[in-house]
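The numbering used here puts the first residue of the sequence shown at 1, with every later residue one more than the last.
Beta carbons are placed, not taken as given, at the ideal position from N, Cα and C, and that holds for glycine.
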Amino acid sequence: MRTWKTHNDSTIECICYGRSNVFLVSRNDHHILIDTGTSPSYATIRKTLNAIFASGGKAEALILTHAHFDHSANASKIKAAFPLRLVAHRDDLSHFINGTNPEIRGSRPFTRFITDTFQKPLSGMMRYSPVEIDVVVDDRYDLDAFGINGYIIHTPGHTPGSVSVIVDDEIAIVGDAMFGVKKNSVFPPFALDVKTMVQSWKVLLDTSCSTFLPSHGSENSRELLERECQRYADLPEL
Numbered sequence: 001m002r003t004w005k006t007h008n009d010s011t012i013e014c015i016c017y018g019r020s021n022v023f024l025v026s027r028n029d030h031h032i033l034i035d036t037g038t039s040p041s042y043a044t045i046r047k048t049l050n051a052i053f054a055s056g057g058k059a060e061a062l063i064l065t066h067a068h069f070d071h072s073a074n075a076s077k078i079k080a081a082f083p084l085r086l087v088a089h090r091d092d093l094s095h096f097i098n099g100t101n102p103e104i105r106g107s108r109p110f111t112r113f114i115t116d117t118f119q120k121p122l123s124g125m126m127r128y129s130p131v132e133i134d135v136v137v138d139d140r141y142d143l144d145a146f147g148i149n150g151y152i153i154h155t156p157g158h159t160p161g162s163v164s165v166i167v168d169d170e171i172a173i174v175g176d177a178m179f180g181v182k183k184n185s186v187f188p189p190f191a192l193d194v195k196t197m198v199q200s201w202k203v204l205l206d207t208s209c210s211t212f213l214p215s216h217g218s219e220n221s222r223e224l225l226e227r228e229c230q231r232y233a234d235l236p237e238l
């Protein structure tokens with residue numbers, strides 16, 4: 001299990017690693033969950049949350065970085081089993097409520113061909129159980145009420161309602177705003193609006209964060225993100 005610690009003693013653990021990373025942010029006995037992965041991740045998430053509650057800890061929130069199925073598939077089951085408030089952005093809200101996958105659009109010519117050709121069958125395969133969102137976010141949302149020194153910011157591009165979680169102005173959990181799969185690249189293979197996504201990178205750089213944790217792959221450094229921002233500053237439309 002990979003763990004990061006901030007100077008303010010917040011801990012971030014990647015409790016599920018594989019198809020989609022699931023993160024647990026902790027400070028003292030307060031915890032928040034970020035994303036849920038797909039169905040195979042549920043057993044690990046349930047075990048983690050059961051251990052928190054059994055030890056007297058508080059897990060009060062599940063933040064969904066966006067409404068794609070590989071991030072939200074277990075949200076309904078988690079909400080039914082645990083007293084967590086679900087937090088997500090307004091611009092993806094209808095997808096959570098209906099259990100539908102937001103449009104997937106390739107960000108490269110090859111992945112764009114795949115999504116243009118197979119969008120309809122892909123959308124049908126990627127449905128999940130509908131879930132009601134308790135806290136609807138529009139822009140910045142502070143996490144003090146959940147005992148965490150951090151906040152949510154809107155980082156659209158991958159989907160309209162994509163968000164990132166900033167912990168202690170030091171570490172950002174960024175969903176699919178970037179990937180960590182390829183060395184020396186943060187560019188995701190899919191993004192609904194690439195130019196908006198690159199603008200979101202700049203928003204993330206406006207924070208003081210030095211480490212960026214994506215939902216796919218491993219961490220990205222601030223230096224790499226700065227280089228990628230410059231590289232894709234004038235990216236043409238596909």
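Asked                                                                                                         : Found
Sequence-distant residues of the same chain with beta carbon closer than 6 Å to P214, five excluded per side  : V174, M178, F179 and G180
Inter-residue Cα distance where the pair is L238 and I152                                                     : Model confidence at L238 stands at a pLDDT of 46, short of 50, so the residue's coordinates are unreliable; what they give is reported in the following sentence. Straight-line Cα distance between these residues: approximately 30 Å.
Strand pairing of F23, partner residues [DSSP]                                                                : C14 and I34
Check whether P102 and H68 have beta carbons under 8 Å apart                                                  : yes
Beta-bridge pairing of K5 - partner residues as DSSP gives them                                               : T11
Exposed unless 16 or more other CB atoms sit within 10 angstroms - verdict on F23                             : buried
Where the alpha helix (DSSP H) containing R85 begins and where it ends                                        : That residue, R85, is in no alpha helix (DSSP H); its beta strand (DSSP E) goes R85 to H89.
A59, DSSP secondary structure in three states                                                                 : strand
Beta-carbon proximity check, A75 vs H31, cutoff 8 Å                                                           : no
From L204, S55, R2 and A191, residue whose alpha carbon lies closest to that of P109                          : A191
Per-residue DSSP class, three states only, for L238                                                           : Below a pLDDT of 50, predicted positions are generally treated as unreliable, and L238, at 46, falls in that range; no measurement from the model is reported.
Residues that DSSP places opposite L213 in a beta bridge                                                      : I173
Local conformation of F190 per DSSP, three classes                                                            : strand
Where I153 falls: helix, strand or coil (DSSP)                                                                : strand
Distance between beta carbons of I52 and L62, contact taken as under 8 Å                                      : Going by Cβ atoms, the distance from L62 to I52 rounds to 13 Å, so no, they are not a contact pair.
Pick from S208, D234, G217 and H216 that is closest to E223, judged by C-alpha positions                      : S208
Rounded distance between the beta-carbons of Y141 and S72, thought under 8 Å                                  : Incorrect: roughly 18 Å between the Cβ atoms, too far for contact.
Other residues of its chain near E226: CB distance less than 8 Å, five sequence neighbours each side excluded : L205
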